[in-house]
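Colleague: Add 20 to a position in the sequence shown, counting from 1, and you land on the number used in the working numbering. Here it is, the structure in full.
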Amino acid sequence: MSAEGKNLVPPECGEVVRTLLDRVPVGMCRFELAPSLVLDRLLPAEQAEREWVARLRADARLSECNRELCAILESSESELVGTRLEERFLYGLTNLDEVLRTFLRGGCQLSNANLRRVDSHGNVRALMCNLTGVLEDGRLVRLWGNLRDVTELRRVEDDNLRLAVLARDNPFPVLQVDAAGFVVTRNTAAERLLSELSVDLTDILPPNHLDLVRSCLESALPIHEAECLVRERVLVWTYIPQLELGQVNLYGSDVTERKRNEERLQHEALYDSLTALPNRALLADRLERALHRSQRHPEAQFAVLFLDLDRFKNVNDSLGHDTGDELLRGVARRLLECARRQDTVGRLGGDEFLILQEDLRGVGDATRLAERLLHSLAEPLVIRGRPIYTSASIGIALSGAGYIRAEDLLRNADTAMYRAKAAGRGRFAVFDSGMHQRALLLQRLETDLRRGVERREFEAHFQPIVESRHFRPVAFEALARWKHPERGFVSPGEFIPVAEETGLIEPISRQILEQACREAMRWQRPGAPVLAVSCNLSPAQFSDAHLVQHVRRVLEENRLSPGCLEIEITETLAARNPEMAVRVLSDLRQLGVRVLIDDFGTGYSSLGSLQRFPADVLKIDQGFVRRLESDPSAAAIINAVVNLAHALGFEVVAEGVETEAQLAVVRERGCDYLQGFYFGRPMPAAEVLTWLEKKAQNKA
Ligand code: C2E
Ligand code: MG
Ligand code: MG
21 MSAEGKNLVP
31 PECGEVVRTL
41 LDRVPVGMCR
51 FELAPSLVLD
61 RLLPAEQAER
71 EWVARLRADA
81 RLSECNRELC
91 AILESSESEL
101 VGTRLEERFL
111 YGLTNLDEVL
121 RTFLRGGCQL
131 SNANLRRVDS
141 HGNVRALMCN
151 LTGVLEDGRL
161 VRLWGNLRDV
171 TELRRVEDDN
181 LRLAVLARDN
191 PFPVLQVDAA
201 GFVVTRNTAA
211 ERLLSELSVD
221 LTDILPPNHL
231 DLVRSCLESA
241 LPIHEAECLV
251 RERVLVWTYI
261 PQLELGQVNL
271 YGSDVTERKR
281 NEERLQHEAL
291 YDSLTALPNR
301 ALLADRLERA
311 LHRSQRHPEA
321 QFAVLFLDLD
331 RFKNVNDSLG
341 HDTGDELLRG
351 VARRLLECAR
361 RQDTVGRLGG
371 DEFLILQEDL
381 RGVGDATRLA
391 ERLLHSLAEP
401 LVIRGRPIYT
411 SASIGIALSG
421 AGYIRAEDLL
431 RNADTAMYRA
441 KAAGRGRFAV
451 FDSGMHQRAL
461 LLQRLETDLR
471 RGVERREFEA
481 HFQPIVESRH
491 FRPVAFEALA
501 RWKHPERGFV
511 SPGEFIPVAE
521 ETGLIEPISR
531 QILEQACREA
541 MRWQRPGAPV
551 LAVSCNLSPA
561 QFSDAHLVQH
571 VRRVLEENRL
581 SPGCLEIEIT
591 ETLAARNPEM
601 AVRVLSDLRQ
611 LGVRVLIDDF
621 GTGYSSLGSL
631 QRFPADVLKI
641 DQGFVRRLES
651 DPSAAAIINA
661 VVNLAHALGF
671 EVVAEGVETE
681 AQLAVVRERG
691 CDYLQGFYFG
701 RPMPAAEVLT
711 WLEKKAQNKA
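Listed below in C-alpha cells is the structure:
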C-alpha cells in the first residue's frame with residue numbers, strides 16, 4: 021500500500037484492513053470511494069478466492085489498490101494510480117461515467133458486466149464485474165463491487181456451446197444430465213426417438229442410469245455400451261463426464277439391428293441348423309459347466325446319455341436325404357418331449373444326439389429316461405404320410421467317477437452306446453468301470469500296435485495242414501504273432517480286432533503276407549508236391565482296391581508260383597458284402613491263387629449262398645470239431661456240410677483237430693484236409709523245415 025493509502029485508512033482499523041487486503045485471494049475486486057466501511061464490505065476470506073481492492077477518486081481514477089490487483093493487471097501500483105482502469109487496463113466498461121451518473125440518480129447496480137483484459141502474453145482474459153453504488157444524502161459515497169476472472173469458465177461454456185451445437189445436429193440421440201441424473205438438455209434426435217417410441221425420457225435410459233452417472237463423475241472416465249431395452253429395441257449409451265459442469269453427456273445409438281445380427285450369428289454358432297437343438301460346441305460347454313458344478317458340489321450329479329440311431333444310413337440311402345432330415349427333426353422333437361426342462365438335448369452331428377440330465381438323484385433317473393426315450397422312438401414317425409420305424413442305442417455315463425475332463429465322460433457314454441449296439445440295438449447300456457478299464461487297455465494296445473508296426477514286431481508262425489488219407493502236409497497256415505517287447509507273444513485274438521478297428525491290420529497283414537511268401541519259397545523241393553501257404557485276409561484289406569495288385573507283386577518279388585498261395589476270408593466277411601466278395605475272389609483266382617472260406621458255420625450264410633462264391637475250399641469252424649465228443653448234432657452238421665460242399669465242388673478242411681476221436685470222425689465224414697494241434701501247433705518259420713524233415717523220416 022502506498023503512503024497515501026495508509027492515511028486514508030482510519031487508524032482504528034488500518035492494520036486489520038491492511039492485513040486482510042494483503043491476504044485475501046483473487047476473485048473479488050472492491051472499489052471504494054470512502055474508506056470507512058471497508059471492513060464491513062470485505063467478504064470473509066473463505067468466500068472470496070482472491071480479492072482485489074481499489075480506491076477510486078471522485079473522478080473515478082484510481083487512488084490506491086492492493087497487490088492482488090497489481091498482480092492481476094500485471095502492473096505496479098504507481099502505474100495504476102491516477103489512471104482510469106477502464107481506459108487502459110480493462111476493456112468493455114466504456115460507460116463507467118454513465119454508470120456512475122446512474123448510480124447518483126438512484127443508487128443501482130451493475131450486474132455481471134463483461135470486461136476484458138489483455139494479459140502480458142497477449143491473451144484476452146474475461147472478467148466479470150459487479151458494481152454497487154452507495155448513496156448517502158444524495159452523494160455517492162462508495163462504489164463497491166467485485167471483479168472475477170471468468171476466462172476458464174467461459175472456455176468451458178464455449179466448449180459446451182459447441183457441444184450443444186454438435187449435439188443438435190447429431191443424428192444420434194444426445195442428452196446432457198446433471199449430477200443427479202436429471203436430463204438438462206436433449207437434442208432433436210433424442211426428441212425424435214422419444215416420439216417414435218412414444219415413451220418417456222426415463223424409459224430410454226439404462227435401468228442403472230443414476231449409478232452410471234455417479235460413477236462416471238467419480239472416476240472421471242467414460243462408460244461405454246450401457247444398454248437399455250425399450251419396446252424391443254436395444255439402445256446403448258456412452259456416458260462422457262463433463263467435470264467442470266458437474267454434468268454427464270450421453271451419446272446414444274440404436275443397436276437393435278447389430279444385436280439381432282450378433283444374436284443370429286451366436287445362435288448359428290451354438291445351435292444345429294437342422295433340428296435347432298444345441299450343437300456340439302454348446303453341449304461341450306454345458307457339459308463342462310455341469311462337471312465344474314459337480315466338482316464343487318458333489319451332490320450335483322448328472323448323467324450323459326449318448327444316443328445313436330440304429331441303421332440311420334439305411335434310411336438315408338433308401339429313402340433319400342430329405343426323409344433322413346425329416347426323421348432327424350422328428351427324433352429331436354421326441355427327445356425334447358421325453359426330457360425335462362432342466363435337461364439339455366442336443367445333436368452332436370449325423371444321427372448322434374446327446375442328453376445332459378442334471379439334478380440326478382441316482383442311476384435310476386438316467387435309466388428311466390433312457391427307457392422313456394426308447395419307448396417314444398419305438399412309435400413310428402410319419403414322414404410324408406408314410407410311417408418310418410426307427411430305433412436307437414443309448415450309452416449312459418454318470419458323473420461322479422472322478423472325471424476331470426468332459427470329453428472323458430463323452431467318450432465313456434460313447435463306449436457304453438457301442439456296448440448297447442453290440443448287444444442288439446434298440447437298448448441302452450450304462451458305462452461301468454470295467455468298460456473303462458477295457459477302454460484304457462484298448463487305448464494302450466492301440467499305441468503299442470502302432471509302435472509294433474513301425475518296429476516290425478509282427479511275424480508269422482506256421483501251422484501245418486495235412487491231407488486226410490496219409491496225413492501228408494499240403495500247406496501251412498500263416499498265423500500272425502506279435503512279439504511284444506514286454507508281454508512276449510500276444511495272440512491274434514487280442515490284437516487283430518483292435519488292428520482292424522484302427523486300420524493297422526493292413527500294414528500288419530502285408531508284413532505277414534510278405535514273410536509267408538518268402539518262407540513258402542524255401543519249402544519247395546524239385547520233384548516234390550507243392551507246399552502252399554495260407555494267409556488270412558481281414559475285412560479292411562478286402563475293401564482295399566489295390567489288394568489283388570499287391571498280392572501279385574509279392575508273389576513276383578518272391579518268385580512264388582500263385583498255386584502255392586491260398587487266401588482265407590471268413591464266412592461273415594464274404595456274406596456281408598457278397599458283390600465285392602465275388603469280384604475280389606474271382607480276381608484272386610484269376611491270378612491262380614486258391615481261395616478258402618474260413619470259420620464256416622459261425623456266420624449266418626445259408627449253405628445255398630455258398631454256391632455264388634468263387635472259392636475252392638471250406639474250412640469247417642473248429643467249434644464243431646471241438647463239440648464232436650459232447651454234442652451228437654455236431655457230427656451231423658459236419659456230415660451235411662461236407663456233402664453239400666462236395667456237391668458244390670468245394671474241398672473241405674476240418675480245423676482244430678486235437679484228439680484221436682475227433683480225427684476219426686472228421687476223417688470218416690469225408691473231410692479232405694485236416695488242421696489242428698494233433699498234427700502240429702503253429703511254429704516259428706525257422707522250425708518248419710526241421711518239422712518237414714522229421715515228418716518225412718517218420719513216413720519213411
Ligand atoms: P483262424 O484263421 O481260424 O486260425 C486258426 C486258429 O485256430 C489259430 O489261432 C490257430 O492257432 C488255432 N488252432 C489251430 N489248431 C487248433 C487246435 O487244434 N486247437 C485249438 N484250440 N486251436 C487251434 P490263432 O493263431 O490264435 O489265430 C486266431 C485268428 O486270428 C485266426 O483264426 C485268424 O482269424 C486271425 N489271424 C491270425 N493271423 C492273421 C493274419 O495274419 N491276418 C488276419 N487278417 N487274421 C489273422
Ligand atoms: Mg484262418
Ligand atoms: Mg478258422
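In this text, a Cβ means the ideal position worked out from N, Cα and C, and glycines have one as well.
Which residue's Cα is closest to the Cα of Q642: H244, I657 and A426?
Modeller: Indexing the sequence shown from 1 puts residue 642 at position 622. The shortest C-alpha separation from Q642 is found at I657.
Colleague: Return the chain-ordered list of same chain residues with a C-beta closer than 7 Å to the C-beta of Q483, the five sequence neighbours on each side being excluded.
Modeller: Position 463 of the sequence shown holds residue 483. So the qualifying residues of the chain are F496, E497, L499, Q695, G700, R701 and P702.
Colleague: Name the two residues that bound the continuous alpha helix (DSSP H) containing Y698.
Modeller: If you number the sequence shown from 1, residue 698 lands on position 678. Per DSSP, Y698 belongs to no alpha helix (DSSP H) and is neither H nor E.
Colleague: For I224, report the span of its alpha helix (DSSP H) as first-last.
Modeller: Numbered from 1 along the sequence shown, position 204 holds the residue referred to as residue 224. No alpha helix (DSSP H) holds I224; DSSP gives it neither H nor E.
Colleague: Locate the beta strand (DSSP E) running through V204, then write down its first and last residues.
Modeller: Looking up residue 204 in the sequence shown gives position 184. First-last of the beta strand (DSSP E) with V204: V203 to R206.
Colleague: In chain order, what residues of the same chain lie with their CB nearer than 7 Å to the CB of Q362, ignoring the 5 residues before and after it?
Modeller: On the sequence shown, position 342 is the one that residue 362 refers to. Here the set comprises E378 and D379.
Colleague: List the DSSP bridge partners of R406.
Modeller: Residue numbering aside, residue 406 sits at position 386 when the sequence shown is read from its first letter. Partner(s): I403.
Colleague: So what does L616 bridge to, in DSSP terms?
Modeller: The residue you call residue 616 lines up with position 596 of the sequence shown. In DSSP, L616 forms a bridge with E588 and V637.
Colleague: Within its chain, find whatever has a CB closer than 8 Å to the CB of E526; leave out the 5 residues flanking it on each side and keep chain order.
Modeller: As a working note, residue 526 is residue 506 in the sequence shown. These residues qualify, in order along the chain: A560, Q561 and D564.
Colleague: Sorted by chain position, which residues of the same chain lie with C-beta nearer than 8 Å to D607's C-beta, five sequence neighbours on each side aside?
Modeller: On the sequence shown, residue 607 is found 587 positions in, with the first residue counted as 1. The residues are V568.
Colleague: Using only the alpha-carbon positions, how far apart do P30 and E84 sit?
Modeller: Indexing the sequence shown from 1 puts residue 30 at position 10. Indexing the sequence shown from 1 puts residue 84 at position 64. Reliability of the predicted coordinates at P30 is poor, the pLDDT of 36 falling under 50, and no value is obtained from them.
Colleague: Rounded to the nearest angstrom, what separates E288 and F192 at their Cα positions?
Modeller: The residue given as residue 288 occupies position 268 in the sequence shown. The residue given as residue 192 occupies position 172 in the sequence shown. Cα-Cα distance, rounded: 31 Å.
Colleague: Spell out the partners DSSP gives N134 in its beta bridges.
Modeller: Locating residue 134 in the sequence shown gives position 114, counting from the first residue. Looking at the DSSP assignment, N134 forms a beta bridge with M148.
Colleague: Would you say F482 touches ligand 1, meaning its beta carbon is less than 7 Å from a heavy atom?
Modeller: One-based indexing of the sequence shown puts residue 482 at position 462. Not under cutoff, so the answer is no.
Colleague: Give the DSSP-derived three-state secondary structure of S563 in the structure shown.
Modeller: Counted from its first residue, the sequence shown places residue 563 at position 543. Coil at S563, not helix or strand.
Colleague: Thinking C-beta only, is R300 closer than 8 Å to G370?
Modeller: The residue labelled residue 370 in the question sits at position 350 within the sequence shown. The residue labelled residue 300 in the question sits at position 280 within the sequence shown. No. Outside cutoff.
Colleague: Specify the secondary structure class of H481 as computed by DSSP and reduced to three states.
Modeller: If you number the sequence shown from 1, residue 481 lands on position 461. If DSSP states are grouped into helix, strand and coil, H481 belongs with the strands.
Colleague: Quick check on M600: buried or exposed, where buried means 16 or more other Cβ atoms within 10 Å of its Cβ?
Modeller: The count along the sequence shown starts at 1 and reaches residue 600 at position 580. Exposed, since its Cβ has fewer than 16 Cβ neighbours within 10 Å.
Colleague: With a threshold of 8 Å on Cβ separation, who are the neighbours of P226 within its own chain once the five nearest residues in sequence on each side are excluded?
Modeller: For the purposes of this step, residue 226 is taken as the residue at position 206 of the sequence shown. Answer for P226: L232, A246, E247, C248 and W257, listed in chain order.
Colleague: Pick from W543, C584 and F670: whose alpha carbon is nearest that of E713?
Modeller: As a first step, residue 713 is located in the sequence shown; it is residue number 693 there, counting from the start. Closest by alpha carbon: W543.
Colleague: With C-beta atoms as the reference, is L230 less than 8 Å away from V203?
Modeller: Within the sequence shown, numbered from 1, the residue matching residue 230 stands at position 210. Within the sequence shown, numbered from 1, the residue matching residue 203 stands at position 183. The answer is no: Cβ separation not under 8 Å.
Colleague: Do T364 and R445 count as a contact pair if the criterion is CB distance below 8 Å?
Modeller: Walking along the sequence shown from the start, residue 445 turns up at place 425. Walking along the sequence shown from the start, residue 364 turns up at place 344. Going by C-beta atoms, R445 is not nearer than 8 Å to T364.
Colleague: In chain order, which beta strand (DSSP E) runs of at least 3 residues are fully inside the stretch 277–358?
Modeller: With a minimum length of 3 residues, the continuous beta strand (DSSP E) runs that stay inside the stretch 277–358 are 321–329.
Colleague: On the DSSP letters alone, give me the boundaries of the alpha helix (DSSP H) that Q642 sits inside.
Modeller: To locate residue 642, count along the sequence shown from 1; it is residue 622. Segment Q642 to R647, the alpha helix (DSSP H) holding Q642.
Colleague: What does DSSP give as the partner residues of Q377 in its beta bridges?
Modeller: If you number the sequence shown from 1, residue 377 lands on position 357. Bridge partners of Q377: A323.
Colleague: I need the straight-line Cα distance from A705 to R596, nearest angstrom please.
Modeller: Sequence index remark: in the sequence shown, residue 705 carries index 685 (1-based). Sequence index remark: in the sequence shown, residue 596 carries index 576 (1-based). Cα-Cα distance, rounded: 33 Å.
Colleague: In terms of DSSP beta bridges, what is A786 paired with?
Modeller: This structure leaves residue 786 out entirely; the chain is present only between 21 and 720.
Colleague: Does at least one heavy atom of ligand 1 sit under 7 Å from the Cβ of V494?
Modeller: One-based indexing of the sequence shown puts residue 494 at position 474. Result no, Cβ not under 7 Å from ligand 1.
Colleague: Looking at the structure shown, is F448 part of a helix, part of a strand, or coil, going by DSSP?
Modeller: Locating residue 448 in the sequence shown gives position 428, where the first residue counts as 1. Strand.
Colleague: Note down the Cα distance separating C358 from R392, rounded to an integer number of angstroms.
Modeller: By one-based count along the sequence shown, residue 358 stands at place 338. By one-based count along the sequence shown, residue 392 stands at place 372. Taking the straight line from one Cα to the other gives about 6 Å.
Colleague: Please state whether DSSP places S140 in a helix, a strand or coil.
Modeller: Within the sequence shown, residue 140 is the residue found at index 120, counting from 1. Reduced to three states, the DSSP call for S140 is coil.
Colleague: Which term fits V402, buried or exposed, when burial requires 16 or more other beta carbons within 10 angstroms of its beta carbon?
Modeller: To locate residue 402, count along the sequence shown from 1; it is residue 382. Classification for V402: exposed.
Colleague: Comparing the CB of S529 with every heavy atom of ligand 1, is any distance shorter than 7 Å?
Modeller: For the purposes of this step, residue 529 is identified with residue 509 of the sequence shown, where counting begins at 1. Checking every heavy atom of ligand 1 against the Cβ of S529, one is found closer than 7 Å.
Colleague: What are the residues that DSSP puts in a beta bridge with G369?
Modeller: For the purposes of this step, residue 369 is identified with residue 349 of the sequence shown, where counting begins at 1. Beta-bridge pairing links G369 to E372.
Colleague: Measure the alpha-carbon distance for V637 versus A519 and round it to whole angstroms.
Modeller: In the sequence shown, residue 637 corresponds to position 617, counting from 1. In the sequence shown, residue 519 corresponds to position 499, counting from 1. The straight-line gap from Cα to Cα measures roughly 26 Å.
Colleague: Buried or exposed, going by whether 16 or more other CB atoms sit within 10 Å of the CB of F12?
Modeller: An answer regarding residue 12 cannot be provided, because it is not within the stretch 21 to 720 covered by the chain.
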